[in-house]
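Asker:
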Amino acid sequence: MNDGRGTGGGAEAALKEALRREAYRVPAGPPPVDELLFRGRRACRRRASARTWLLIVAAVVAVGTVAVFDDDPVSRDSASTASDTGVNRFPAPRAVAPYVPMDLGGGLRLVLLPDGNQTYLLDEDGGDIQDEIDEARMGPGADLRPESIRSVYNASTGLVLGVFRKERLPARIGIRVPGVGTYPAEVAHLRGDTSWGVFHAFVDPPETAGGDYEVVVFDRDGDITARMNSPFLGLRTAGN
Amino acid sequence: MNTSAEADFQAFVVSRWPRMLRTARLLTGNHHDAEDLVQAALAKAYVKWDKVQRADDADAYVWRVMINANADRMRLLRVREWLTTRFPETAAPDRTDGVAARSVLAAALQRLPPRQRAVIVLRYLEDRSETEVARMLGTRVGTVRSHTARALRSLREQPDVTETWAGLPPARTGVGPVTGEARP
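Chains S and Y, in that order, give the protein sequences. Position 210 of the first sequence, counted from 1, bears residue number 210 in my numbering, the numbering being contiguous throughout. Numbers given in my numbering equal positions in the second sequence, counted from 1, plus 1000.
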């Protein structure tokens, strides 16, 4: 156990011999080459899919805006109060474990990671998600500025998915679609870390092309602490 | 991946499969999980095959993928491993009973924290140097040394293991391995 290859005397030799006996106990059969090729190709496809999602988000961020939370509520007008939106019925934030996929429905799974800055992963493949987690761990994450929020809409699934970074955890978040209604968003954050989190809701876009949806953030008292308009862009993907 | 690269990958799989399986067996403690782990690691290697081919030591790269995959597997399964100073009462193993003796060592390895276990396997089964192990685990040589010392101490503290493991002296106080010492 020095700096060499550990070929020293009695104890090491005995340990090596014991380990080899244990390792060789079960003979190795032939490798499942076809199965490995199948898994490898599938992992490549998933990786490409995950990258597509990241590119969509990045592109949207590049042209979008980032809403900045105010210390004071941005609006207390009667048209946006808690009672008007029924915000008290919205689900409260839930703490989740890192690396554990949350089933969003529709074959979508969301994973929050402690690596990087505000790192999360959306999987729409439904298979082994581990490769995508490994990939996401290497990335920088959403990397939001303090007190900001970002969201993206995916037309194929109807999912509005967002991420926030805020000193105080939002109590509720809703997605308002003009002419349609306000959808309660589910909010999740990593257990033991309330400095950031994600939210999502499945929404119906307006009948006509274009238009905005609005992310509305509430505090514990039901007051709005931030709102952010995001367009349902022509390519049916929007975000801030 | 193009056809040529895929052929290289297949050749790698065929040539490394038995060895990877042996390493994985000691990392996971059983053959079934070992096969799953090796397959997962090789599937990851397939995705990053261009990096594997460019690596100075392709084996080290893939072995590192496997060790990380094992750590992730355990985290996802929420496997909780913890050292204990108390073990089930067992009769002293008969040294002629090879199967029982090997099981004792496998069980003892599973009681080690994952990093210590990986260091032991890489050092003593794979015969990698401390420098190589440090590179494979993404850590420092000093950390490898301390992991080795702690792991060996933990193993020595287990009577079943020291009985099974002829040539290894019982645990002693103090830090560090006892290279070269032999059981009297």
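In this text, a Cβ means the ideal position worked out from N, Cα and C, and glycines have one as well.
Determine, using beta carbons only, whether Pro1114(Y) comes closer than 7 Å to chain S.
Answerer: Looking up residue 1114(Y) in the second sequence gives position 114. Taking Cβ atoms only, chain S never reaches closer than 7 Å to Pro1114(Y), which makes this a no.
Asker: So, helix, strand or coil for Met1001(Y), using DSSP?
Answerer: As a first step, residue 1001(Y) is located in the second sequence; it is residue number 1 there, counting from the start. Looking at Met1001(Y) - three-state DSSP - the assignment turns out to be coil, as it is neither helix nor strand.
Asker: At 7 Å on the CB atoms, spell out the chain S contacts of His1031(Y), in chain order.
Answerer: In the second sequence, residue 1031(Y) corresponds to position 31, counting from 1. What His1031(Y) touches in chain S: Val26.
Asker: Do you know how far the Cα of Ala1106(Y) is from the Cα of Glu22(S)?
Answerer: The sequence position of residue 22(S) within the first sequence is 22, counting from 1. The sequence position of residue 1106(Y) within the second sequence is 106, counting from 1. Answer to the nearest angstrom: the Cα atoms are 7 Å apart.
Asker: Go ahead and label Phe38(S) buried or exposed: buried means 16 or more other beta carbons lie within 10 angstroms of its beta carbon, across all protein chains shown.
Answerer: Taking the first sequence and counting its residues from 1, one reaches residue 38(S) at position 38. When all chains shown are included, Phe38(S) counts as exposed.
Asker: Name the chain Y residues whose beta carbon is nearer than 7 Å to that of Arg191(S)?
Answerer: Walking along the first sequence from the start, residue 191(S) turns up at place 191. Result: empty, since nearest Cβ-Cβ is about 13 Å, beyond 7 Å.
Asker: Closer than 7 Å, Cβ to any Cβ of chain Y: which residues of the segment 95-112 of chain S, in chain order?
Answerer: Within the segment 95-112 of chain S, the residues whose Cβ lies closer than 7 Å to some Cβ of chain Y are Tyr99, listed in chain order.
Asker: If we ignore side chains and look at the alpha-carbon of each, how far apart do Pro114(S) and Leu190(S) end up?
Answerer: Here residue 114(S) refers to the residue found at position 114 when the first sequence is read from its first residue. Here residue 190(S) refers to the residue found at position 190 when the first sequence is read from its first residue. So the alpha carbons of these two residues sit roughly 8 Å apart.
Asker: For Thr1096(Y), decide whether its Cβ has a neighbour in chain S, counting only Cβ atoms nearer than 7 Å.
Answerer: Within the second sequence, numbered from 1, the residue matching residue 1096(Y) stands at position 96. A caution first: Thr1096(Y) carries a pLDDT of 38, below 50, which makes its placement in the model unreliable, though a value can still be read off. No, no contact with chain S.
Asker: Per DSSP, Phe199(S) forms a beta bridge with which residues?
Answerer: Position 199 of the first sequence holds residue 199(S). Bridge partners of Phe199(S): Gly162(S), Val187(S).
Asker: Do you know offhand how far Tyr1046(Y)'s Cα is from Thr182(S)'s?
Answerer: Position 46 of the second sequence holds residue 1046(Y). Position 182 of the first sequence holds residue 182(S). So the two alpha carbons sit approximately 45 Å from each other.
Asker: Just the Cα atoms here: how many angstroms apart are Thr1023(Y) and Tyr1124(Y)?
Answerer: Here the question's residue 1023(Y) lines up with position 23 in the second sequence. Here the question's residue 1124(Y) lines up with position 124 in the second sequence. So the alpha carbons of these two residues sit roughly 10 Å apart.
Asker: Select from the segment 1009-1020 of chain Y all residues with a C-beta closer than 8 Å to any C-beta belonging to chain S, and list them in chain order.
Answerer: If the cut-off is 8 Å between Cβ atoms, the segment 1009-1020 of chain Y has Phe1009, Gln1010, Val1013, Val1014, Trp1017, Pro1018 near chain S.
Asker: Are the CB atoms of Leu144(S) and Gln118(S) nearer to each other than 7 Å?
Answerer: Residue numbering aside, residue 144(S) sits at position 144 when the first sequence is read from its first letter. Residue numbering aside, residue 118(S) sits at position 118 when the first sequence is read from its first letter. Going by C-beta atoms, Leu144(S) is nearer than 7 Å to Gln118(S).
Asker: Taking the alpha-carbon positions, what's the Ala1134(Y) to Ala97(S) distance?
Answerer: The residue you call residue 1134(Y) lines up with position 134 of the second sequence. The residue you call residue 97(S) lines up with position 97 of the first sequence. C-alpha separation (whole angstroms): 30 Å.
Asker: Could you check what DSSP says for Pro30(S) in three-state terms: helix, strand or coil?
Answerer: Position 30 of the first sequence, counting from 1, holds the residue named residue 30(S). It is coil, neither helix nor strand.
Asker: Would Gln1053(Y) be called buried (16 or more neighbouring beta carbons within 10 Å of its own) or exposed?
Answerer: By 1-based counting over the second sequence, the position of residue 1053(Y) is 53. Counting Cβ neighbours within 10 Å, Gln1053(Y) comes out exposed, since fewer than 16 surround it.
Asker: According to the neighbour-count rule (16 or more other Cβ atoms, all chains shown, within 10 Å of its Cβ), is Lys1051(Y) buried or exposed?
Answerer: Taking the second sequence and counting its residues from 1, one reaches residue 1051(Y) at position 51. Classification of Lys1051(Y): exposed, given that the 10 Å Cβ count is below 16.
Asker: Can you tell which of Gly211(S), Thr225(S), Arg220(S) has its C-alpha closest to the C-alpha of Arg89(S)?
Answerer: By one-based count along the first sequence, residue 89(S) stands at place 89. When each option's Cα is compared against that of Arg89(S), the closest is Arg220(S).
Asker: Label Ser151(S) either buried or exposed according to how many other C-beta atoms from any shown protein chain fall within 10 Å of its C-beta, with 16 as the threshold for buried.
Answerer: By one-based count along the first sequence, residue 151(S) stands at place 151. Counting Cβ neighbours within 10 Å, Ser151(S) comes out buried, since at least 16 surround it.
Asker: Please identify the residue among Thr1131(Y), Arg1016(Y), Ala1151(Y) whose C-alpha is closest to the C-alpha of Glu1035(Y).
Answerer: To locate residue 1035(Y), count along the second sequence from 1; it is residue 35. The shortest Cα separation from Glu1035(Y) among Thr1131(Y), Arg1016(Y), Ala1151(Y) belongs to Arg1016(Y).
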